[in-house]
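There are 2 protein chains.
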Amino acid sequence: MREAEKVFIGYLAEHNLRWTNQRKELLHLFLKMEKHLTIDDFYQIVQRKNDRIGYATVYRTLKLICKSGLAREVDFGEGKVRFEHKYAHEHHDHLVCTQCGKLIEIKSPEIERLQNKLAEEHCFEPTWHKMQIFGNCGECRK
Amino acid sequence: MREAEKVFIGYLAEHNLRWTNQRKELLHLFLKMEKHLTIDDFYQIVQRKNDRIGYATVYRTLKLICKSGLAREVDFGEGKVRFEHKYAHEHHDHLVCTQCGKLIEIKSPEIERLQNKLAEEHCFEPTWHKMQIFGNCGECRK
DNA sequence: AAATTAAATGAAGATGATTTTCATTATCAA
DNA sequence: TTGATAATGAAAATCATCTTCATTTAATTT
Ligand SMILES: [Mn+2]
Ligand SMILES: [Mn+2]
Ligand SMILES: [Zn+2]
Ligand SMILES: [Zn+2]
């Protein structure tokens, strides 16, 4: 936690940005939530704690947390982006239940290896990828 | 060509929809374009042929072509959707050049197999998936 | 401890892709 | 040909995202 905060404060310092009350409160709230949240999801949560923080600040702070390397945006094709933790979280992809919305995090070094091989075969230099499998989760199949 | 048209007309018939001049013209234009087009891309092309066809009709017809099974939507995270042929085209994924926008179609039965295995391990029943690798194409690496 | 400088905030509005509305026109079966 | 109903096109609505701007706040300098 403190570690993540240091990363964020470091990023601010490097970019001549300020460590404000809003940013502190929003960062701590974000770090507590181990979920895939939309901006609005997060704004709702923030509201309950402190309704003096505006939507624009929540929006800008989430973007900033991403830039600092603590979070990343994920797009499940819902028409709005979600944010997830990146700090101390290994790269992973997702299974997405189209019934209940459940997100299951998956890792497959074999697939990653094959992806790189595939890219190489096309003289393509990969920088990142997105892999999502949509379907029905264990609960929803029943 | 004719085969695809039959599929589309069949879909219309099954749903009490009509085979109009606009739909005929749009379908034929779409079938001719072997590209990944946004709605607006396609609208621009349509305009040059026949500027009496409105944007809404182009929009609705592309959706309809998808529903009929001849096309599918693909989202490369650009903030707008693209459409690609699906009829007589095997499933494939994409390499996306973030410099020049080039799209390279890829197939990997091994990856698909591993994806299914992964899903199964999580009691997950997959229906479809999305895999995109972003980076620099052979041209842009130079 | 002021004063200074520049970034941050929040309310409101702009943007832009997508989707819908509605009056008019076209299709098609009887 | 007619009647019922679907399709069309212009315009407006929607909605997530992003920006603007007047005001406040943080950080630095006297
Ligand atoms: Mn995740
Ligand atoms: Mn393709
Ligand atoms: Zn589920
Ligand atoms: Zn390229």
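These protein sequence lines map, in sequence, to chains F and Y.
To convert, note that position 116 of the first sequence is 116 in the working numbering; the numbers rise steadily by one, no gaps.
So the working numbering is basically just the index in the second sequence, starting at one, shifted up by 1000.
In this text, a Cβ means the ideal position worked out from N, Cα and C, and glycines have one as well.
Here the structure is a predicted model, which is why all the values come from computation and not from measurement.
Proximity below 8 Å, CB of residue i to CB of residue j
i	j	result
residue 114 of chain F	residue 1110 of chain Y	yes
residue 94 of chain F	residue 105 of chain F	yes
residue 1057 of chain Y	residue 1099 of chain Y	no
residue 65 of chain F	residue 27 of chain F	yes
residue 1134 of chain Y	residue 129 of chain F	yes
residue 1039 of chain Y	residue 1017 of chain Y	no
Residue-chain proximity (residue i, chain F), Cβ-Cβ < 8 Å
i	result
residue 1130 of chain Y	yes
residue 1062 of chain Y	no
residue 1103 of chain Y	no
residue 1071 of chain Y	no
residue 1079 of chain Y	no
Own chain partners of residue i with C-beta closer than 8 Å, once the 5 adjacent residues on each side are dropped
i	result
residue 45 of chain F	29, 33, 37
Within chain Y, the residues that residue i reaches when beta carbons sit closer than 7 Å
i	result
residue 40 of chain F	Those within 7 Å of residue 40 of chain F in chain Y number zero; the least Cβ separation is about 18 Å.
residue 45 of chain F	What residue 45 of chain F touches in chain Y: nothing, since even the nearest Cβ is about 25 Å away.
residue 118 of chain F	1106, 1108
Interface partners of residue i on chain Y, CB under 8 Å
i	result
residue 126 of chain F	1095, 1133, 1134, 1135
residue 138 of chain F	1122, 1123, 1124
residue 75 of chain F	1075, 1077
Interface partners of residue i on chain F, CB under 8 Å
i	result
residue 1110 of chain Y	114
Interface partners of residue i on chain F, CB under 9 Å
i	result
residue 1141 of chain Y	123, 124, 125
Same chain, Cβ closer than 6 Å to residue i, neighbours up to 5 away in sequence not counted
i	result
residue 137 of chain F	97, 102
residue 140 of chain F	97, 99, 100
residue 75 of chain F	81
Residues of its chain near residue i, where Cβ-Cβ distance is below 7 Å and the 5 sequence neighbours each way are ignored
i	result
residue 7 of chain F	68, 69, 70, 87
Cutoff 8 Å: residue i Cβ touching any chain Y Cβ
i	result
residue 4 of chain F	no
residue 27 of chain F	no
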